[in-house]
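Enquirer: In the working numbering, the protein residues as written are 28 to 351.
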Ligand SMILES: [Zn+2]
């Protein structure tokens with residue numbers, strides 16, 4: 028492929044895209060870095076189907092830390108995880124049919140000392156000791172009691188002291204503002220219950236907060252979420268592809284509706300690919316694997332979401348650069 032064609036390919040799909048052939052049949056296509064879904068629940072989905080559907084990396088944002096620690100040893104998908112949800116006693120997601128007690132912890136005190144039952148630091152330390160790469164906190168004011176500001180601050184401090192970012196589930200009035208003011212590093216969902224004040228969105232973007240998209244969850248107000256994500260992108264905010272797979276009944280793998288919704292919100296072409304190839308919260312994922320999409324590259328950015336439905340996880344050694 029002539030150099031100018033490689034330039035055009037990378038203008039459309041980002042610097043990691045390369046014209047490639049896949050052995051043994053020398054099938055032609057496009058190679059991309061490994062792709063990550065930054066919000067899944069592995070106890071509710073078929074992880075093998077996730078990989079068959081093109082996803083090499085999965086970030087579990089709410090599961091049993093002991094089970095996740097065992098699963099993380101498997102090579103594929105490459106898993107990063109939060110462990111249990113940290114929430115108020117009786118708060119979301121306690122009691123939900125999909126949330127056994129093993130995946131939720133009640134924070135009953137802001138006590139920063141180690142080894143206090145229900146203390147913020149104890150709850151964080153348990154997840155970190157089980158190998159968590161991120162700490163998940165629930166701020167769902169529409170779903171039950173929510174931890175207070177001293178407890179939230181203590182969770183954030185304890186996580187940062189362990190070198191871990193904090194991701195918050197925000198839902199209900201004022202919860203995004205609380206997450207921004209507490210220095211929460213990422214939101215597990217684009218806020219979907221209220222159109223946010225532009226000043227707050229700008230503040231989140233400026234602070235470097237990452238928003239995990241989840242625009243295609245069944246039952247959320249996609250109009251509100253899409254408007255908030257567009258404002259966040261316009262303010263320079265960093266977006267990560269995430270689906271909340273396990274929520275609703277969508278097949279595991281790349282969720283094209285999520286990519287279409289991101290594209291509509293203004294995350295297009297190389298920016299869309301960047302939401303998938305960012306290894307957050309890890310430094311890198313998928314050693315030894317790459318993504319391969321057989322056939323010709325997409326003609327333009329509008330075609331990229333559907334084209335990515337053909338993405339497959341392949342061993343790196345099967346790919347050779349297509350120089351023809
Ligand atoms: Zn979730």
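Where is the CB? At the ideal position from N, CA and C, for every residue including glycine.
As the structure is a computational prediction, the values presented were derived from the model and not from experiment.
Quick check on residue 271: buried or exposed, where buried means 16 or more other Cβ atoms within 10 Å of its Cβ?
Expert: Along the chain shown, read from residue 1 onward, the residue named residue 271 stands at position 244. So residue 271 counts as buried.
Enquirer: Under 9 Å, do residue 334 and residue 320 count as touching if we go by C-beta distance?
Expert: Position 307 of the chain shown holds residue 334. Position 293 of the chain shown holds residue 320. Their beta carbons are under 9 Å apart, which means residue 334 touches residue 320 by this criterion.
Enquirer: Which residues bound the beta strand (DSSP E) around residue 342?
Expert: In the chain shown, residue 342 corresponds to position 315, counting from 1. Residues 338-342.
Enquirer: Flag this pair as touching only if the segment 160-177 and the segment 109-126 have three or more C-beta atom pairs under 8 Å; answer yes or no.
Expert: yes
Enquirer: For the beta strand (DSSP E) that contains residue 193, what are its first and last residues?
Expert: Residue 193 sits at position 166 when you count from the first residue of the chain shown. Its beta strand (DSSP E) spans residues 193-198.
Enquirer: Provide the residue(s) that pair with residue 167 in DSSP beta bridges, ordered along the chain.
Expert: By one-based count along the chain shown, residue 167 stands at place 140. DSSP output for residue 167 lists 198 as bridge partner(s).
Enquirer: Could you say if the segment 34-50 and the segment 239-252 meet the contact criterion of at least three C-beta pairs nearer than 8 Å?
Expert: Between the segment 34-50 and the segment 239-252, the count of C-beta pairs closer than 8 Å stays below three; the two stretches do not touch.
Enquirer: With distances taken Cα to Cα, identify the nearest neighbour of residue 338 among 347, 263 and 80.
Expert: Within the chain shown, numbered from 1, the residue matching residue 338 stands at position 311. When each option's Cα is compared against that of residue 338, the closest is 80.
Enquirer: Tell me the residue span of the beta strand (DSSP E) that contains residue 47.
Expert: Reading the chain shown from its first residue, position 20 is the one you call residue 47. That run of the beta strand (DSSP E) goes 45-49.
Enquirer: Hey, could you find the ends of the beta strand (DSSP E) residue 114 is sitting in?
Expert: Working through the chain shown from its first residue, we reach residue 114 at position 87. Note, residue 114: beta strand (DSSP E), 112-114.
Enquirer: State buried or exposed for residue 125, treating a residue as buried only when at least 16 other CB atoms are found within 10 Å of its CB.
Expert: Start at 1 with the first residue of the chain shown, and residue 125 comes out as number 98. Exposed, because fewer than 16 other Cβ atoms sit within 10 Å of the Cβ of residue 125.
Enquirer: CB-CB under 7 Å to residue 130, same chain, minus the five flanking residues each way: which ones, in chain order?
Expert: One-based indexing of the chain shown puts residue 130 at position 103. So the qualifying residues of the chain are 89, 90, 91, 111 and 112.
Enquirer: For ligand 1, is there any heavy atom lying closer than 8 Å to the beta carbon of residue 88?
Expert: Here residue 88 refers to the residue found at position 61 of the chain shown. Yes, the beta carbon of residue 88 sits closer than 8 Å to at least one heavy atom of ligand 1.
Enquirer: Measure the CB-CB distance between residue 97 and residue 152 and report whether it falls below 9 Å.
Expert: Here residue 97 is taken as the residue at index 70 of the chain shown, counted from 1. Here residue 152 is taken as the residue at index 125 of the chain shown, counted from 1. No. Outside cutoff.
Enquirer: Name the two residues that bound the continuous beta strand (DSSP E) containing residue 250.
Expert: Against the chain shown, residue 250 aligns to sequence position 223. Premise fails: residue 250 lies in the alpha helix (DSSP H), 249-261, not in any beta strand (DSSP E).
Enquirer: Nearest by alpha-carbon distance to residue 349: which of 36, 197, 45 and 35 is it?
Expert: Looking up residue 349 in the chain shown gives position 322. It is 45.
Enquirer: Return helix, strand or coil for residue 309, following the three-state DSSP convention.
Expert: If you number the chain shown from 1, residue 309 lands on position 282. Three-state DSSP puts residue 309 in coil, outside helix and strand.
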